[in-house]
Structures are given as C-alpha cells and as structure tokens.
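Numbering (the UniProt record's numbering), first residue to last: 1 to 100.
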C-alpha cells in the first residue's frame, strides 16, 4: 500500500512538473508575442511621428513659398507702377504744352 501511494505521489509530481513546463512555454510564447506587438506599435508610432514632421516641414515650406510669391508679386506690381509713372513722365516731358 505504501508503494502505491509513493507511486501516486510521483505521478502527481510528474504531472505538476509537466503543467509547469507547459505554462512556462505558454508564458514564453505570450511574452514573445507581446514583444512583437510592442515593436510593431513602436514602429507605427515612429512612422506617424515622421509623417507628421514631414507634413509640418511641407506646410512651413509652402508658407515660405507663399510669402516669397507675395513679395515677388508686390515687387512686380511696384515695378509695373514705376514703369507706368516713368511712361507718364516721359509723355509729359515730351509735350510740355499739354501740361497746362
């Protein structure tokens, strides 16, 4: 009878050890999966950040181009006004009798 109980206890210990091994393997797999998910999430976050930075750079570049375009337009308008003033003064200087 004692031998039977010892054998039963040994079988129980073997079963517990097997369960521990299975649980350990499952935890390792879960840990690996979580690490992979964390890595993917980090990559996605970095991609979003870099995309946001690129969009901000593009926006600031567009704003700078808009400002430069506005400056060039105003310079062009001023030069056209200057041309018209120069032409008017030439006309006036050519015909002084028409001034009065």
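Quick reminder that beta carbons are idealized off the backbone N, C-alpha and C, glycines included.
Residues near residue i by beta carbon distance below 6 Å, same chain, minus five either side
| i | result |
| --- | --- |
| residue 105 | Because the chain is modelled from 1 through 100, residue 105 falls outside the range shown and cannot be assessed. |
| residue 100 | In this predicted model, residue 100 has a pLDDT of only 49, less than 50, meaning its place in the structure is not dependable; the value taken from the coordinates is given anyway. If we look at residue 100 and ignore the five residues flanking it on each side, it has no Cβ neighbours. |
Nonlocal neighbours in the same chain, by C-beta distance under 7 Å from residue i, ignoring five residues either side
| i | result |
| --- | --- |
| residue 8 | none |
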